[in-house]
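Shown next, in structure tokens, is the structure this report addresses.
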Amino acid sequence: MKVMVPVKRVVDYNVKVRVKSDNTGVELANVKMSMNPFDEIAVEEAIRLKEAGKVEEIVVVSIGPKAATETIRTGLAMGADRGILVEHDDEIHPLAVAKILKGIVGEENPDIVLLGKQAIDDDCNQTGQMLAQLLGWAQGTFASKVEAEDGSLNVTREVDGGLETVKLNLPAIVTTDLRLNEPRYASLPNIMKAKRKPIDEKTAADYGVDATPRLKTLKVEEPAAREAGIKVESVDELVGKLKEKGLI
Amino acid sequence: MRNPFETEERKAFRETVRRFVETEITPYADDWDEAGEVPWELHAKLGALGAFGFGVDEKYGGLGFDDCFMRAAFSEEFYKCGATGIPAATGGRSISIGPIEKFAPDEIKDRVLEDIVTGRKGSSLGITEPGGGSDVANMKTVARKDGDDWVINGSKTFITGGMKSEYFVVGARTGGEGLTGISLFFVEADMPGFSRTLIDRKMGWWASDTATLYFDDVRVPARNMLGQENFGFIAIMNNFNYERLGMVAGSVGMMKACLEDSIAWAQERHTFGKPLIKHQVIRHKIADMSAKIDATEAYLNQICWLANEGEMPVAEVSKAKFFATKALEFCASEAMQILGGAGYLRGNRVERIYREVKVMAIGGGSEEIMRDLAVRQMGL
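Protein sequences, first through last, are from chains A and B.
Under our numbering, read the first sequence as residues 30 to 277, first letter to last.
Under our numbering, read the second sequence as residues 76 to 455, first letter to last.
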């Protein structure tokens with residue numbers, strides 16, 4: 030089987046993001062960027078499927094600026110086989126991403142597209158589902174466990190109130206949740222090997238996709254600062270205060 | 076500061092080490108340091124990253140290449156964990172890997188090198204003796220030839236990792252007095268006549284097991300001599316270069332930790348109606364610390380480049396080592412002043428780094444010996 034893993038270059042999860050002074054977005058200049066953590070989990074899962082002998086090839090895809098090559102290399106250093114960069118410098122939204130990915134699926138014919146359930150920058154949580162619709166494929170979202178069988182996948186999903194296991198006929202889309210696995214660290218020998226793995230370069234136009242945003246960001250603001258709380262001396266006082274505010 | 080010699084791979088490796096240290100080490104650093112040891116799995120996890128494989132052939136689990144920048148990046152990021160006994164306990168093996176890789180016969184390398192490089196087993200270098208450390212040329216441990224074997228007698232002290240290592244590279248006198256009579260031997264902990272005791276209650280490096288080793292008629296076969304008979308001194312001196320470079324890089328990591336924690340504290344703490352960071356006296360400390368870090372880092376990068384070119388600059392390595400530890404002493408002291416009472420409490424990086432300045436300034440060649448060596452290299 031062949032797995033395609035789309036990965037997004039996002040602001041590193043350790044960075045405390047700051048809103049730009051003109052309120053048009055968040056500050057990206059000189060900010061550390063890395064692979065979206067959910068996508069990293071997707072790469073790890075693909076590698077585990079390969080190590081278990083279920084998968085022969087892993088292709089990592091990223092849509093973004095030239096610097097997203099670095100993100101692809103991270104995936105290659107973890108153990109993916111090759112990469113595709115769809116160079117795109119401007120803002121891009123999930124539907125356009127899904128359309129481009131559909132175009133790549135048409136060329137690559139993967140059995141599984143394995144991707145993060147959402148990116149930690151815009152938190153859209155749409156790309157996997159949109160891609161499933163565009164391709165007419167089965168989808169297993171928010172996966173906390175993936176088991177490959179012949180021609181199908183059993184995907185355990187984290188849903189409100191428990192776990193649900195669905196059986197998907199291949200080809201299929203799987204989006205990853207946090208608890209699916211713990212991604213490995215790329216070892217130095219693998220970092221060096223990743224240098225020699227091929228990365229194809231494409232553009233949105235190669236797939237006939239118009240990636241012009243259909244949404245316009247009007248304003249980005251910091252969340253309101255939390256007001257200081259008060260300390261109460263006793264349970265009675267606490268209950269009194271809650272009653273005063275009409276909360277109980 | 077941007078490194079002019081940066082490559083994508085060096086950056087990726089540094090990022091990996093940084094993340095590994097932040098996730099797998101820093102959260103446990105206090106506990107391990109107080110407990111006086113690190114879990115053995117950490118050796119294997121570091122081995123899997125490739126941390127001990129520089130300059131070692133792939134067939135022995137090594138990387139099949141060497142890169143001084145990556146060595147330095149590893150040390151710098153690792154030492155940022157703030158409990159530098161942890162890099163000492165695990166990375167201590169590195170200074171014994173060189174001599175084994177270069178000089179051991181295939182029979183020994185095939186049997187032990189992969190286990191050492193992948194972190195399954197520990198190895199240590201034994202040079203310093205109870206009777207003298209810096210004066211390597213006058214070591215007293217002796218090896219006398221007996222048939223096809225060598226019989227070693229004497230002792231070694233301040234041996235990093237010495238309580239847990241199974242393999243040792245030991246210097247011993249095989250010839251006359253002075254530097255032309257010393258050879259290196261490969262010794263195993265289960266050889267009859269070998270024993271060791273823990274050196275406890277150190278000022279710092281608590282997480283690292285430090286030992287005194289005793290050799291009472293330890294008999295080793297002739298093939299366990301590493302390198303040429305009586306040429307051990309040169310091998311020891313060459314081996315010191317990477318150890319010292321690692322300590323320069325480690326000092327840079329420690330200084331960056333001091334600066335980082337100083338800035339964070341100075342932004343948070345208020346005195347006389349404003350944050351500490353707004354007081355000129357604190358701002359000047361930050362500027363001085365930052366300048367010393369930049370200078371040491373730039374010096375280190377230049378040396379790494381020369382070492383990669385195949386010209387290990389011995390004089391510069393010596394100068395960089397005392398320059399780095401003096402800068403570290405300054406940064407640790409200023410960081411303590413900025414943190415004030417908070418810095419004086421156990422369980423924070425600055426307090427520990429302040430105590431561990433001295434092991435960096437003494438170990439691997441003291442500041443005094445480094446200055447002497449540097450001037451000698453100038454032909455004086």
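Note that beta-carbon positions come from the ideal geometry of N, C-alpha and C, so glycine has one too.
Per DSSP, the unbroken beta strand (DSSP E) holding residue 225 of chain B starts and ends at 224 to 235. With a minimum length of 3 residues, the unbroken runs of beta strand (DSSP E) contained wholly in the region 88 to 164 of chain A fall at 111 to 116 and 141 to 145. It is roughly 21 angstroms from the alpha-carbon of residue 193 of chain A to the alpha-carbon of residue 75 of chain A.
In the DSSP assignment, residue 197 of chain A is bridged to A:182. Per the C-alpha coordinates, the member of A:271, A:78 and A:257 positioned closest to residue 263 of chain A is A:271. The beta carbon of residue 324 of chain B does not come within 9 angstroms of any beta carbon belonging to chain A, so the residue lies off that interface.
Listed by position along chain A, the residues whose Cβ is nearer than 9 angstroms to that of residue 165 of chain B form an empty set, because the closest Cβ is around 15 angstroms away. For the set A:219, A:170 and A:213, the Cα lying nearest the Cα of residue 202 of chain A is the one of A:170.
For the beta strand (DSSP E) assignment, the region 325 to 389 of chain B encloses no uninterrupted run of at least 3 residues.
In this structure, residue 130 of chain A lies near residue 35 of chain A, with their beta-carbon atoms less than 9 angstroms apart.
Residue 221 of chain A reaches chain B at 84, 138 and 140, counting residues in chain order whose Cβ is nearer than 8 angstroms.
For residue 91 of chain A, not one C-beta of chain B is nearer than 9 angstroms to its own C-beta. Comparing alpha carbon positions, the residue from A:226, A:185, A:69 and A:136 closest to residue 148 of chain A is A:69.
At a cut-off of 9 angstroms between beta carbons, residue 424 of chain B makes no contact with chain A. Considered as a whole, the region 132 to 200 of chain B harbours 143 to 154, 160 to 166, 169 to 178 and 181 to 192 as its complete alpha helix (DSSP H) runs of no fewer than 4 residues, in chain order. At a beta-carbon threshold of 9 angstroms, none of the residues of chain B lie near residue 242 of chain A; the nearest stands roughly 30 angstroms away. Taking a 10 Å sphere around the C-beta of residue 237 of chain A, we find fewer than 16 other C-beta atoms and assign the residue as exposed. Not a single CB atom of chain B sits nearer than 9 angstroms to the CB of residue 114 of chain A. Listed by position along chain A, the residues whose Cβ is nearer than 9 angstroms to that of residue 125 of chain B are 216, 217, 218, 219, 220 and 221. Bridge partners of residue 168 of chain A according to DSSP: A:202. When only Cα atoms are considered, residue 293 of chain B and residue 266 of chain B end up about 7 angstroms apart.
Taking a C-beta cut-off of 9 angstroms against chain A, the contacting residues of the region 90 to 114 of chain B are 90, 91, 92, 94, 95, 97, 98 and 99, listed in chain order. Contact annotation: residue 313 of chain B and residue 249 of chain B have beta-carbon atoms that are not nearer than 9 angstroms. Counting every other CB atom within 10 Å of its CB across the protein chains shown gives residue 369 of chain B a total below 16, marking it as exposed.
Non-local C-beta neighbours of residue 150 of chain B in its own chain, meaning closer than 6 angstroms and more than five positions away in sequence, comprise 321, 324 and 325, ordered along the chain. Interface residue (Cβ-Cβ distance to chain A less than 9 angstroms): residue 87 of chain B is classified as such.
Spanning the alpha carbons of residue 52 of chain A and residue 138 of chain A requires a straight line of approximately 42 angstroms. According to DSSP, residue 116 of chain B shares a beta bridge with no other residue.
At a cut-off of 9 angstroms, the C-beta of residue 251 of chain A has no neighbouring C-beta in chain B.
Residue pairing for residue 292 of chain B: DSSP places it in no beta bridge.
For residue 207 of chain B, the beta-bridge partners assigned by DSSP are B:204.
Residue 132 of chain A is not a Cβ neighbour of residue 229 of chain A, given a cutoff of 9 angstroms. For residue 101 of chain B and residue 144 of chain B, the gap between their C-alpha atoms comes out near 23 angstroms. The C-beta separation of residue 127 of chain A from residue 156 of chain A comes to about 5 angstroms, placing the pair in contact by the 8 angstroms criterion. Contact check between the region 390 to 404 of chain B and the region 433 to 449 of chain B: three or more CB pairs, one atom from each, fall below 8 angstroms, which counts as touching.
Chain order gives the chain B residues near residue 99 of chain A as 83, 86 and 87, where near means a beta carbon separation below 9 angstroms.
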